[in-house]
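Since the structure comes first, as structure tokens, the remarks are kept for the end.
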Amino acid sequence: MDESLIIISKPREQTETIIQAADPEKDIFHVVADNVTISGFNVTGTDKSGICYTGSGGIIAGNKLLSDRYGIYLKKAENITIENNNASQNGCGICLTDSSRNKLVNNEVSYNWFKWGKYRNGILLKNSNNNKLTSNNVSRNWDGIRLENSSNNELSKNAVIDDYFCISLRDSNNNKLLDNNVKSIGYSFEITLGKSHNNTLRGNSAGFMTEVKVSSGPESTNNTLEGKQHIRR
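Using the working numbering, you'd call the opening residue of the sequence shown number 1 and step up by one each time.
And the structure:
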């Protein structure tokens, strides 16, 4: 679709309106337009993206994304609001590539790692800057939230629980990780900083009387930690 639209399922049938891939080699929703709203659908069964969006000013809200390679995929998108979606059992629940100034709020993102090999992230930001991730529940993924070459993003008040790696930064600078609840599986690290600089980690917790384990090698510098967080090399 290449024009502004609002696509909403009937309120009584919200997320019961199932959109299944006729051709699993194609995106189910493929949007190249501004100001498009997609709300209330159950989107499933593609080897591509459940919802792929290129454009600005759109809203993706109240959808269920199941068993897609990418549940929601923003590519060269900006000022998109992604809220109150449930993305589970995908390769990547929510993926942003070359996208900026977007908001991810109150999404449930879980079990995104079973089928797709290297595609096993809850939320992935790649080459994406100035985004805000707030109050998302991200659980039981391989990487809960992963940033690659992404800077000036703010991650706040997210619950990132029972992921193998909760929050991972790679080649990502000047990000803020604020007041997140993070608890990894077993002995892995809650927060990993790889070749990442000038990031602020403040007020993050891993439960009562439990210290957040932060992995940061010598190639990561000038990162600020405040609260019960401890770097282990």
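The beta carbon of each residue, even a glycine, is placed where N, CA and C say it ideally should be.
For methionine 209, does the count of other Cβ atoms within 10 angstroms reach 16, so buried, or fall short, so exposed?
Because methionine 209 carries a pLDDT of 48, less than 50, the predicted location of this residue cannot be relied on, and the following value inherits that uncertainty. Label assigned to methionine 209: exposed.
Alpha-carbon to alpha-carbon, valine 182 and asparagine 204
Whole-angstrom Cα-Cα distance: 7 Å.
For valine 36, name the three-state secondary structure that DSSP assigns.
Coil at valine 36, not helix or strand.
DSSP three-state label for glutamate 83, please.
Assigned with DSSP and collapsed to three states, glutamate 83 falls in strand.
May I ask you to verify whether the segment 162-171 touches the segment 126-134, counting CB pairs closer than 8 Å and requiring at least 3?
These segments do not touch.
Kindly indicate which residue of Thr44, Ile82, Tyr53 has the alpha-carbon position closest to the one of glycine 62.
Nearest to glycine 62 by C-alpha distance, out of Thr44, Ile82, Tyr53, is Ile82.
Cβ neighbour criterion (16 or more within 10 Å) applied to alanine 22:
By the 10 Å Cβ count, alanine 22 comes out exposed.
Determine, using beta carbons only, whether aspartate 34 and glycine 50 come nearer to each other than 8 Å.
Aspartate 34 is not a Cβ neighbour of glycine 50, given a cutoff of 8 Å.
Segment limits, beta strand (DSSP E) that includes threonine 44
Threonine 44 -> beta strand (DSSP E) spans 41-44.
Collapsed DSSP secondary structure at methionine 209 in the structure displayed:
Bear in mind that the predicted position of methionine 209 carries a pLDDT of just 48, short of 50, making it unreliable; the figure below should be weighed with that in mind. If DSSP states are grouped into helix, strand and coil, methionine 209 belongs with coil.
Outcome for glycine 93 when other beta-carbon atoms lying within 10 angstroms are tallied against a minimum of 16
So glycine 93 counts as buried.
With a cut-off of 8 Å, does the C-beta of glutamine 89 fall near any C-beta of chain B?
The chain labelled as chain B is not found in the depicted structure, where only one protein chain is given.
Quick one: using the 10 Å Cβ neighbour count with 16 as the cut-off for buried, is isoleucine 6 buried or exposed?
By the beta-carbon neighbour count (other beta carbons within 10 angstroms, threshold 16), isoleucine 6 is exposed.
Under the assumption that valine 212 contacts alanine 206 (Cβ atoms under 8 Å), give the Cβ distance between them as a whole number of angstroms.
Contact holds; Cβ gap of about 5 Å.
Return the residue from the list Ile185, Arg69, Cys52 that minimises the CA-CA distance to proline 24.
Put simply, of Ile185, Arg69, Cys52 the residue whose alpha carbon is nearest the alpha carbon of proline 24 is Arg69.
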